[in-house]
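Down below is the structure, laid out as structure tokens.
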Amino acid sequence: MKLLHKEEWTHLISLFEKSKQLGQDNIDWRTDSSAFYRFERFFNSIDGFHRGDLDLSGRHEYRYRRLTMRWNRFLADLMPLTVGQLARREPLGLDDCVDHPDLFEEFRVKWRAGDLTLQYILPRTSTSSPPGFVSSTSNIISDGLLRQLALNPTPIFQKMLLRDLPPELIHHIMQLAGTHDARVLGSASRYFRGFAMSYIYRYWIFDMKYEPRSLPSIDSSDEENEEELPSQDRRDELVDELDYVLSRPDILNRIVGLSMFGVRYGSAKEAFNSRLGSPEYTSYFGPIESRASLLLQRTHNVKRLILCHLYISPDMYRSVGTSSRLTTVSVFANQLADNEEYIQYPSIPNATIRLTTGDLASWPLLATWPNLRFLSVMSVDSLDPMGLGANNRTLYNPFPTLERLALEDVEPEGVRFFTAWMRETPSLKLTHFWLVAGISGILPSLTENILSVLSLTPLQVLVLNGMLHAEPRLLDNIARALPTLRALTLLYRTARGTETATARWPYTSWEYASHFRGFRKLEFFGWNFRIEPREKAFHRTLRLFETEYSESWKEMEREESLADWNSIARALAAYCPTLKHVVFHRAPECCISRTPDGSIVVTGGDLKSVWDRKSKVEYFPSNLKEWEVGK
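Here the working numbering is used: the first residue of the sequence shown is 116, the next is one more, and so on.
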């Protein structure tokens, strides 16, 4: 139900009729959403005083007096509004409108309501409602506030200030606040600034943010040199920013995550790359690059480093190893010097590389991480393993030490690139393999190729996301190729180019269950199997209609839920004695245990959950950082 005045109703009807003539199905009826959040904050601020919730703005008496004064003025302006019934309910299903649009327009302007309708303001009719309020079944904000005022009429004021908390709690608040909110809290006083400094600059981003038009002209005699003035200003801003940070050792010592972004826009990046080594490039970017190298040298506590769309000279890369705590390096689309030698960093165990078609510019950096244990590669499609040359393939090969490999958004050619590379490695140590296929998906031939090479490894965790085939014998092939497997995740796609979601697998769950007998150590199985009745209408819909909704929807839903996840997990566990967890994509997780007499007990199937289970993030982490290893 939506509450609109008659002029707005007429306007919406005309928009609807016009959209039908134009063949448009969706119209954005409201463009100003900020008003909703302002009203929500207003109501919640009053509600918090009577509920007793902690608010970092302070639950003080003077603040409450100001809020109640505003609340009384708000009620005085709202109560004169009356609502009449509108007989026509189609085509938008709106059945209420305001009789006096002029009053509502005055209210809208005075309270900066924007396009907000009364459905967000008026509460349901109740004994606690002031005169002039009307019914709105969709409102929960002001209605909840009135209920709270009736239950707890006396406000609860804050007796302890934030600065009175123990230091460890203030540190915890700063950590939860994030960079932006920590900066806001730190600006409150010198005392809070001391706590906030560790969190404001904990993760620092240096971004050139060059638009194409802000790049300096190649030809200084070009008549269109008006572009040079803004680009010079931008360079001066970057130099000043770097000089400030470099002048503050306290800030440099607190940085544990450093991200440096260069020119990454299409035409601007092409112009940037075409000028490498030219006098124009050196005069413009030289001061920035020299300071960036100093920044890398002086951040001694950095653990994570991201270098993106930069020209990385050997001198600049030599500054990377200053931090003895560095464990993870991410390099995306950088330029390296040709025929130059780069220093090696044996202490770096984790790396991430993003590549596009035919772009091998960052690959020489693999040779600088001789003891790499975790590698994440993204956006690889058409790559030829022979394109590197025999010497470079041996030099760049990370697999002699690699334990965990993650390939994300990778096409079949890219997958075969890595499997061919793995075959060239005498002794593989790989224990974790993650593949999120690109739009082409994972066909049977590619699966066979992957299992063939993984059979040469002591693999324990396998994730295949984007399977285009799901015959039961696939489980037999995996069990036969990977006898040490402890965790398996299979996500099936019904068509190429579609995103992975819950899917109708080609066979029933019990037909898959019997093929789990081949696994000897499997503890975790995840899949996106969909139980069809979940998607259908239940008998309770008719029952509720016949009884005029006198029964509880939730109670009837529990009675009629046909999605018996526990039974599926029990069937799989019957054929796999070691299975402990069965996880369904966007559905419950089932935990399996066994009684002394061997009976299977499945719990947790009635709980909604998502992929990032705290206890099993190692098997299928929502963030690949979970797979990173320490020194």
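Just so it is clear, CB atoms sit at the ideal spot from N, CA and C, and this is done for glycine as well. Since we're looking at a predicted model, the values are computed, not measured.
- Assigned with DSSP and collapsed to three states, histidine 287 falls in helix.
- Arginine 701 and asparagine 643 have their C-alpha atoms some 8 Å from each other.
- When the five nearest sequence neighbours on each side are left out, the beta carbons in the same chain lying within less than 7 Å of the beta carbon of serine 494 are those of Arg469, Leu470, Thr471 and Asp524, in order along the chain.
- For methionine 323, there is no enclosing beta strand (DSSP E), as DSSP marks it with neither H nor E.
- Between tyrosine 179 and phenylalanine 164, the C-beta gap is smaller than 8 Å, which places the two residues in contact.
- DSSP places tryptophan 625 within a helical segment (H, G or I) once states are collapsed to three.
- Among the bridge pairs identified by DSSP, tryptophan 319 is matched with Leu373.
- A distance below 8 Å between beta-carbons, with the five flanking residues on each side excluded, links aspartate 365 to the following residues of its chain, in chain order: Met312.
- Residue pairing by DSSP puts leucine 422 in a beta bridge opposite Met375 and Val446.
- At a Cβ-Cβ threshold of 8 Å, glutamate 518 and arginine 538 do not count as neighbours.
- The C-alpha of tryptophan 536 lies about 11 Å from the C-alpha of glycine 529.
- Only residues of its own chain outside the window of five on either side were considered, and among them Leu566 have a CB closer than 7 Å to the CB of asparagine 592, listed in chain order.
- Positions of the beta strand (DSSP E) runs, each at least 3 residues long and wholly inside the segment 464-536, are given as 465-469, 489-493 and 519-525 in order along the chain.
- Here glutamine 459 is exposed, its C-beta having fewer than 16 other C-beta atoms within 10 Å.
- Between phenylalanine 631 and tyrosine 734, the gap from beta carbon to beta carbon reaches 8 Å or more.
- Shown here, asparagine 580 sits in a strand according to DSSP, grouped into three states.
- Taken through DSSP and simplified to helix, strand or coil, histidine 547 comes out as strand.
- Cβ-Cβ distances below 6 Å link alanine 228 to Ala150 in the same chain, with the five nearest sequence neighbours on each side left out; the list follows chain order.
- With distances taken between CA atoms, leucine 411 lies nearest to Leu373 out of Lys544, His424, Leu373 and Ala466.
- Shown here, phenylalanine 157 sits in a helix according to DSSP, grouped into three states.
- In the DSSP annotation of this structure, the continuous segment of the alpha helix (DSSP H) that includes isoleucine 683 starts and ends at 680-690.
- Per the DSSP secondary-structure output, glutamate 704 pairs in a beta bridge with Val698.
- The alpha-carbon separation between leucine 637 and leucine 603 amounts to approximately 8 Å.
- Distance from the CA atom of leucine 590 to the CA atom of arginine 531, rounded to whole angstroms, is 21 Å.
- Put simply, the segment 284-302 does not touch the segment 347-356. Fewer than three CB pairs are less than 8 Å apart.
- Tyrosine 607: not part of any alpha helix (DSSP H); member of the beta strand (DSSP E) spanning 602-607, first to last residue.
- Under the three-state reduction of DSSP, threonine 562 is assigned to helix.
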